[in-house]
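Chemist: There's a structure below that I have some questions on.
Number of protein chains: 2
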Amino acid sequence: LPDESSSRRTCRDRPSRQKKSFEVINCVCLCLCEPDRVLVRVQDLTPENADQLIWLRARVHTSRAKGKQCFLVLRQQQFNVQALVAVGDRASKQMVKFAANITKESIVDVEALVRKVEQKIESCSQQDVELHIERIFVISQAEPRLPLQLEDAVRPDGEGEEEGRATVNQDTKLDNRVIDLRTTTSQAIFRLQSGVCQLFRETLTKKGFVEIQTPKIISAASEGGANVFTVSYFKTSAYLAQSPQLYKQMCICADFDKVFCVGPVFRAEDSNTHRHLTEFVGLDIEMAFSYHYHEVIDSITDTMVQIFKGLFQTEIQTVNKQYPSEPFKFLEPTLRLEYTEALAMLHEAGVEMGDEDDLSTPNEKLLGRLVKEKYDTDFYVLDKYPLAVRPFYTMPDPNNPKYSNSYDMFMRGEEILSGAQRVHDAQMLTDRAIHHQIDLEKIKAYIDSFRYGAPPHGGGGIGLERVCMLYLGLHNVRQTSMFPRDPKRLTP
Amino acid sequence: LPDESSSRRTCRDRPSRQKKSFEVINCVCLCLCEPDRVLVRVQDLTPENADQLIWLRARVHTSRAKGKQCFLVLRQQQFNVQALVAVGDRASKQMVKFAANITKESIVDVEALVRKVEQKIESCSQQDVELHIERIFVISQAEPRLPLQLEDAVRPDGEGEEEGRATVNQDTKLDNRVIDLRTTTSQAIFRLQSGVCQLFRETLTKKGFVEIQTPKIISAASEGGANVFTVSYFKTSAYLAQSPQLYKQMCICADFDKVFCVGPVFRAEDSNTHRHLTEFVGLDIEMAFSYHYHEVIDSITDTMVQIFKGLFQTEIQTVNKQYPSEPFKFLEPTLRLEYTEALAMLHEAGVEMGDEDDLSTPNEKLLGRLVKEKYDTDFYVLDKYPLAVRPFYTMPDPNNPKYSNSYDMFMRGEEILSGAQRVHDAQMLTDRAIHHQIDLEKIKAYIDSFRYGAPPHGGGGIGLERVCMLYLGLHNVRQTSMFPRDPKRLTP
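Chain order of the listed sequences is A and B. Letter 140 of the first sequence, counting from 1, is numbered 150 in this note's numbering, and no numbers are missing. Letter 484 of the second sequence, counting from 1, is numbered 494 in this note's numbering, and no numbers are missing.
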């Protein structure tokens, strides 16, 4: 590349640049050189801009030299446009050569004339125009060897195998996440994830919930100390919170009435599965109710339905191009099944399990298929779990001590939320903890929270990455975590 | 209390309750006993409800027996109403005695007639009505001895000292946070905090920012390893992120263009001051800019101004009752001073410090007072810090290598944000890291993120608790953290 030696220059050298029509800048700072220049967005380029001279900053998605011309595809996120440098009045032979040598993924500023095209450019998002480049500056140069190619990273599994086209395995994608996140699929997934959080909060705020911030460093492992990460804390040890539940409950006891929080949750489980992460984002809800814990279930399911309805269809379609899936179906109001009904369905399908056994992962999936067949929904609530399989703070069913006022929620047959009415009476909580052989000393602060008047309440925690994965019909939770953490992955 | 023995009963016992007019329930579950009963909110009680028979759930804020009557104040969050049980047609002597014995902070369901009062009840939020109780049930009984009294916890410092009235010290408040959070002051502070987060996100979403989720468990301590908490991670060690900055920057390199995140930030600093926490909530911003890093400053200051303008005045007034402060002042557009200008102001005020020295905390505060005097603002940006006092990834000022394209923002003379244009060129970043004697091996993944094309960008991180503290004119950051963490406090 020409001009390489002059890169990383300072502002004071800049005036000379005004005359040039191509150059590598890679500059320290772009300050105030072009105060009046307006950069156009690729997605806004339409035939209405025809014959306008515009400035644009974009990545070089592809480049192909052909005689006295060089064709570039310029990309901004999921949008791209064809551009052309051709020897003539406005561009020299050297400029075409310069353009042809720009490495893929470099960022360029171009001054170009917008031209309407006769034949649609099928390979670009902007199909009706192309850019005739008059000046081109490299703002940031990409190294010539990319660790992965974007077109390989978005190729559906199996497609183009005969032609020897590559796909990229998941570890390579995650190792080079900063490039993998540039694909249309990744851009769509994480814009959608951002949407899930926004809809979750907006819906709950409208319902009168207050957002709270709970500590992640805690002094005692709440549920017996299994699966908890230890932190060195000055001269002592502390733990990373496995859930904000105890703090949400304290907020209820402190009269916040209805609260939610969005934040990291840590699980030191050595599980290397498609759906486990050691750190994930919890969307947590807790609320006081008036007369029945189903008020809590209704608030949560309505929130989920508002999320399903509010998500952008274009982003779902983009992801489906690479990862085809059945459209996600849900009912209004949400289907609620009791555990005993679910067991009956499983028994009928030939599964042998006892009344008070927990559901195994395969049985959850089978149940999901049975529910889909019978009720045509990918989202439902399973209510009244056996008391024996739930944590000590779960409220027993007052009408049947074998069961409890607790529930899980499922999407496409996989659990996305676990929740319950909580025991709000200090004495009863103590009795339940003793029954579970939990060291009372360790949960003293928790139990004490209920000694000064506590309203009946319940809640649940939703895994953000699972919701995104299952809604989109993806098959690995690492696809919906920007920088996933599992027992074997701590980077990037 | 009568009926204590019958507490913790199950639903099946319930029908008998229908006939009673007072009882302790403390029940396992309130399921479906009263499906059609509507609970009224205290804040909605006005003379328009006069002579209506209503149901209400609230805490017993105070209770005072007087002959054949018992006066209660019933409270929901910051709202309260006077209620009366009097011997007569509807209430027996036993019922008055029962009511008089209900412990403070217990939660009760009452059926009552709303009555308009002649003389305003100055001590309650609902001044024009009182409730004549006909039935009263204790839903959750508070222990008779409270670790602190709410009226003491909201008393302004020094008030009522002559009469021997107590205030509550901060550690007692924090140790009993579940009660302290019930005060009108705490309710207002944390509703306001929730508002700050909401305004932050809404403003940025409107500006085209995308919300991201960044990992808190990281493999390498980014800035040399000081002040970082260590986590046991299966068979290895990991660290808690001191900031989401590196991940925000990766998102910029991955074409998300403008991103924000809200989440916990961890600092293992053994600082026991009024403004340091070991865990706090970071409101983080990062964005690509077109030509000048002041585009970033403008986005951040505008966001702050939208927050200042959007916060609820009633909540501010509530906090001011206990903690009086000057109204918070700000300019539009926000004042931006250069470091050299600030130094000149300090020199003029008699401070001796060198051109490339960092500001000490006392000098920051003094500068805040000087700026307030001269410009009448409590919020301003200090731009162009000496390069020597900023981290290695800070972009030098291209026009003067002694300075940098970096900035802090201040509220009432205390720092709430630190930010900068970042070096986006891998080679320059390597040179700067070597200059700072940072082990390149440890930051390889970070530097590599910039090898495949990176746009010029900048950002900053705001401390949520500090913003709330300083906006409200409070003097300790523990007041604006629900469950604060410092070197000496890990509970509750």
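Don't be surprised by glycine CBs; every beta carbon is placed ideally from N, CA and C. Every value quoted in this text rests on a predicted model; they were computed, and no experiment measured them.
What does a CB cutoff of less than 7 Å around A:Thr490 pick up in its chain, not counting 5 residues either side in sequence?
Modeler: Ile199, Gln203, Glu475, Cys478, Met479, Leu484
Chemist: Do B:His434 and B:Ala464 have their C-beta atoms within less than 8 Å of each other?
Modeler: yes
Chemist: In the stretch 104-121 of chain B, which residues sit with their C-beta less than 7 Å from some C-beta in chain A, listed in chain order?
Modeler: Glu115, Ser116, Ile117
Chemist: On the premise that A:Leu392 lies in contact with A:Leu341, defined as a C-beta separation below 8 Å, what is that separation, rounded to the nearest angstrom?
Modeler: Distance from A:Leu341 to A:Leu392 at the Cβ level is roughly 14 Å; contact not present, criterion being Cβ atoms closer than 8 Å.
Chemist: Which of helix, strand or coil does DSSP assign to B:Leu500?
Modeler: coil
Chemist: Tell me A:Val269's beta-bridge partners as DSSP assigns them.
Modeler: Beta-bridge pairing links A:Val269 to A:Val220, A:Glu296.
Chemist: In this structure, does DSSP put A:Cys261 in helix, strand or coil?
Modeler: helix
Chemist: Quick one, which of B:Thr113, B:Glu424, B:Ala398 has its alpha-carbon nearest B:Ser416's?
Modeler: B:Ala398
Chemist: Step through the CB atoms of chain A and report whether any lies within less than 8 Å of the CB of B:Leu42.
Modeler: Interpretation of B:Leu42 is limited by its pLDDT of 44, a score under 50 that renders its predicted location unreliable; the figure taken from the coordinates is listed afterwards. Yes, its Cβ sits closer than 8 Å to a Cβ of chain A.
Chemist: Go ahead and pull the three-state DSSP assignment for B:Asn486.
Modeler: coil
Chemist: Identify the residues that DSSP records as bridge partners of A:Phe147: which are they?
Modeler: A:Glu33, A:Asp119
Chemist: Just to confirm the assignment, what range does the beta strand (DSSP E) spanning B:Arg69 have?
Modeler: Per DSSP, B:Arg69 belongs to the beta strand (DSSP E) from 63-76.
Chemist: Which chain B residues are close to A:Gly273, counting only those with a beta carbon under 7 Å from its beta carbon?
Modeler: Simply Gly273, Pro274.
Chemist: If you check the beta carbons only, do A:Ile295 and A:Gly469 fall under 8 Å apart?
Modeler: yes
Chemist: Report the CB separation of B:Ile146 from B:Val118 in whole angstroms; it is logged as a contact under 8 Å.
Modeler: 6 Å
Chemist: The stretch 214-227 of chain A: which residues have C-beta closer than 8 Å to a C-beta of chain B, in chain order?
Modeler: Thr215, Val220, Glu221, Ile222, Gln223, Thr224, Pro225, Lys226, Ile227
Chemist: Can you tell me the Cα-Cα spacing of B:Pro372 and B:Asp418, whole angstroms?
Modeler: 16 Å
Chemist: So with Cβ pairs under 8 Å, would you call B:Leu500 a contact of chain A?
Modeler: yes
Chemist: Would you check if the stretch 332-339 of chain A and the stretch 155-167 of chain A touch, i.e. whether three or more CB-CB distances between them fall below 8 Å?
Modeler: yes
Chemist: Below 8 Å, can you find three or more Cβ-Cβ pairs linking the stretch 139-155 of chain A to the stretch 487-501 of chain B?
Modeler: no
Chemist: Look up B:Cys80 in the DSSP assignment and say whether it is helix, strand or coil.
Modeler: Reduced to three states, the DSSP call for B:Cys80 is strand.
Chemist: Go through the stretch 315-344 of chain B residue by residue and report every complete run of the alpha helix (DSSP H) that reaches 4 residues or more, in order.
Modeler: 323-332
Chemist: Measure from the C-beta of A:Glu5 to each C-beta in chain B and report whether the shortest distance is under 8 Å.
Modeler: Examination of residue 5 of chain A is not possible in this model, given that chain A is present from 11 through 502 alone.
Chemist: Check each residue of the stretch 449-473 of chain B: if its Cβ is closer than 9 Å to any Cβ of chain A, include it; give the result in chain order.
Modeler: Ala455, Tyr456, Asp458, Ser459, Phe460, Arg461, Tyr462, Gly463, Ala464, Pro465, Pro466
Chemist: Would you list, in sequence order, the uninterrupted alpha helix (DSSP H) runs of no fewer than 4 residues that lie entirely inside the stretch 149-184 of chain B?
Modeler: Listed in chain order, they are 160-163.
Chemist: Looking only at its own chain, which residues have a Cβ that is under 6 Å from the Cβ of A:Leu42, when we skip the five neighbours before and after it?
Modeler: Residue placement at A:Leu42 cannot be trusted, given a pLDDT of 44 that sits under 50; what the coordinates show is reported in the next sentence. No residues qualify anywhere along the chain.
Chemist: Using a Cβ cut-off of 8 Å, pull out every chain A residue sitting near B:His434, in sequence order please.
Modeler: Close partners of B:His434 in chain A (Cβ separation under 8 Å): Ser150.
Chemist: For A:Cys263, return the contacting residues in chain B, with the cut-off set at a CB-CB distance below 8 Å.
Modeler: Val188
Chemist: Would you mind telling me which residues of chain A sit closer than 9 Å to B:Val241, beta carbon to beta carbon, in chain order?
Modeler: Phe239, Thr240, Val241, Ser242, Leu250, Phe276
Chemist: Below 8 Å, how does it come out for the stretch 369-387 of chain A and the stretch 419-427 of chain A: are there three or more Cβ pairs, yes or no?
Modeler: yes
Chemist: Comparing C-alpha positions only, which one of A:Lys268, A:Gln327, A:Arg192 sits nearest to B:Cys263?
Modeler: A:Arg192
Chemist: On the premise that A:Leu84 lies in contact with A:Val70, defined as a C-beta separation below 8 Å, what is that separation, rounded to the nearest angstrom?
Modeler: Contact holds; Cβ gap of about 7 Å.
Chemist: CB-CB under 6 Å to A:Leu427, same chain, minus the five flanking residues each way: which ones, in chain order?
Modeler: Met419, Gly470, Ile472
Chemist: Who pairs with A:His142 in a beta bridge, going by DSSP?
Modeler: In the DSSP output, where bridge partners are listed per residue, A:His142 has A:Leu94, A:Leu123.
Chemist: What does a CB cutoff of less than 7 Å around B:Ala248 pick up in its chain, not counting 5 residues either side in sequence?
Modeler: Ile227, Ile228, Ser229, Val241
Chemist: For a quick check, are the C-beta atoms of B:Arg201 and A:Val220 less than 8 Å apart?
Modeler: yes
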